[in-house]
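First the structure, in the form of structure tokens, and then the observations on it.
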Amino acid sequence: MVTSDSPSPPAEAHSSNEGQSFVGQLVKSVFEPGANQAAVLAMNVSFFLLLLTLAALAFLTSWNKHVLLLLGVTALLWASMLWFVMELTKVQTRPDNMPLMDGSTPEGSNTQPSETKKDQ
Numbered sequence: 039m040v041t042s043d044s045p046s047p048p049a050e051a052h053s054s055n056e057g058q059s060f061v062g063q064l065v066k067s068v069f070e071p072g073a074n075q076a077a078v079l080a081m082n083v084s085f086f087l088l089l090l091t092l093a094a095l096a097f098l099t100s101w102n103k104h105v106l107l108l109l110g111v112t113a114l115l116w117a118s119m120l121w122f123v124m125e126l127t128k129v130q131t132r133p134d135n136m137p138l139m140d141g142s143t144p145e146g147s148n149t150q151p152s153e154t155k156k157d158q
């Protein structure tokens, strides 16, 4: 019998996304704040396929200006969505945005609304 010196990690230490299918993670992302990896992957795949379809359509229509305009708008929308997801991730991972475990307010925060100059 082989024993190890270190205890095995508890079951809670494993990622909650382990064992879930892609569709399960995507459905779960609807009910959670922020964007998880499944939602971002679905967005990227969808935009890529849309760009591919519009590029093929532009070729088949002899580079119709309307299709090219749609292609450009789609590319810009994809870029703006990627930027938004990156900014959202930055804000979510900041330490001052993390909730406290005991439900109390962080030190130095004022729970009372501050008076404005007009209210004084």
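Sequential numbering from 39 applies to the sequence shown in the numbering used here.
We put the beta carbon where it would ideally sit given N, CA and C, even for glycine.
Nearest to residue i by CA position, among the options, is which residue?
i	options	result
residue 90	124, 67 and 110	110
residue 71	134, 126, 87 and 107	126
For residue i, count neighbouring C-beta atoms within 10 Å of its own C-beta (all shown protein chains included) and say buried if the count is 16 or more, exposed if not.
i	result
residue 94	exposed
residue 92	buried
residue 156	exposed
residue 76	buried
residue 49	Below a pLDDT of 50, predicted positions are generally treated as unreliable, and residue 49, at 47, falls in that range; no measurement from the model is reported.
residue 52	Below a pLDDT of 50, predicted positions are generally treated as unreliable, and residue 52, at 47, falls in that range; no measurement from the model is reported.
Taking residue i and residue j to be in contact with their CB atoms under 8 Å, please state how far apart those CB atoms are, rounded to whole angstroms.
i	j	result
residue 123	residue 68	Not really, about 15 Å apart at Cβ, beyond 8 Å.
residue 81	residue 139	Their Cβ separation, rounded to whole angstroms, is 32 Å, which puts residue 81 and residue 139 out of contact at 8 Å.
Check whether the Cβ atoms of residue i and residue j lie closer than 8 Å to each other.
i	j	result
residue 168	residue 63	This structure leaves residue 168 out entirely; the chain is present only between 39 and 158.
residue 106	residue 113	no
residue 116	residue 85	yes
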